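Participant: One structure coming up, written as structure tokens, with questions to follow.
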Amino acid sequence: NAGVTQTPKFRILKIGQSMTLQCTQDMNHNYMYWYRQDPGMGLKLIYYSVGAGITDKGEVPNGYNVSRSTTEDFPLRLELAAPSQTSVYFCASSSEDLRNEQFFGPGTRLTVL
Amino acid sequence: RKEVEQDPGPFNVPEGATVAFNCTYSNSASQSFFWYRQDCRKEPKLLMSVYSSGNEDGRFTAQLNRASQYISLLIRDSKLSDSATYLCVVQRSPDNTDKLIFGTGTRLQVFP
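From first to last, the protein sequence lines are chains B and D. If you read the first sequence in the working numbering, its first letter stands for residue 47, the second for the next number, and so on. If you read the second sequence in the working numbering, its first letter stands for residue 1084, the second for the next number, and so on.
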């Protein structure tokens, strides 16, 4: 199993550009999450999904959108990139039975200039 | 006040030392507690859960003090490979249905 994979690993965006961060998991997990991690800060939940077709906002959803058309994929969309969105983005997944054990992808380092 | 607070460190300890970290949480309704480990520029991984009775996994011991609202992680016989950031994580629901709240982490550096 590859676990949770994320692409790209690194990206530099200009202000106002848009992009999609890809996340895929092959563990058949129903639950998927997007976090951002800023230096010196804890992981903040952006959006999460409890299954295909269902998404919900986390703590810091503004400026982002998500979709969950399949169990495996949970892409995160930035429509109008802003410098405040410079961060490391982690996607994670968990089974319904064991939601406290989240499996994280390797992260995407995004810089907005 | 942050819901989960940790001393950011770094804790610099020699190999073989015993080191302990504490983490405090503000929501007395919190029910489940965990330690995650995050290596430099890597993703977090679950280290261990923290049970009310305390629990041990090899050189690692986790304890919970509900009255004072803190959890602790003790590492005995530190190894160089223990160098990492340790994230304290809290979950509000008892039945594993709520989201995880992550602390900012405590950095440990073990030197030869």
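Even glycine gets a Cβ: it sits at the ideal position worked out from N, Cα and C. Source: prediction; values computed, not measured.
1. Name the two residues that bound the continuous beta strand (DSSP E) containing B/Gly97.
2. Are there 16 or more other CB atoms within 10 angstroms of the CB of B/Tyr94, so buried, or fewer, so exposed?
3. Apart from the five residues just before and just after B/Val106, which ones in its own chain have a Cβ nearer than 8 Å to its Cβ?
4. Here's the rule I'm using: 16 or more other beta-carbon atoms within 10 Å means buried, otherwise exposed. How should D/Cys1171 be labelled?
5. Per DSSP, D/Ser1132 is paired with what?
6. Assign D/Ser1161 to buried or exposed, taking buried as 16 or more other Cβ atoms, counted over all protein chains shown, within 10 Å of its Cβ.
7. Give the single residue among B/Arg114, B/Gly49, B/Tyr135 whose Cα lies nearest to the Cα of B/Gly97.
8. Please state whether DSSP places D/Asp1140 in a helix, a strand or coil.
9. Can the beta-carbon of D/Tyr1169 be found closer than 8 Å to that of D/Trp1118?
10. Using a threshold of 8 Å, state whether the C-beta atoms of B/Phe120 and B/Met78 are closer than that.
11. Show which residues of chain D have a CB atom less than 8 Å away from the CB atom of B/Asn146.
12. Please report the straight-line C-alpha distance between D/Glu1098 and D/Ser1109, rounded to a whole angstrom.
13. Determine the extent of the beta strand (DSSP E) in which B/Lys103 is found, giving its start and end residues.
Facilitator: Taking the geometry as given:
1. 90-97
2. buried
3. Arg82, Lys90, Leu91, Ile92
4. buried
5. D/Phe1117
6. buried
7. B/Arg114
8. strand
9. Cβ distance < 8 Å, so D/Tyr1169 and D/Trp1118 count as in contact.
10. Cβ atoms of B/Phe120 and B/Met78: closer than 8 Å.
11. Ser1115, Phe1117, Leu1129, Ser1132, Val1172, Gln1174, Asn1179, Leu1183
12. 33 Å
13. 100-103
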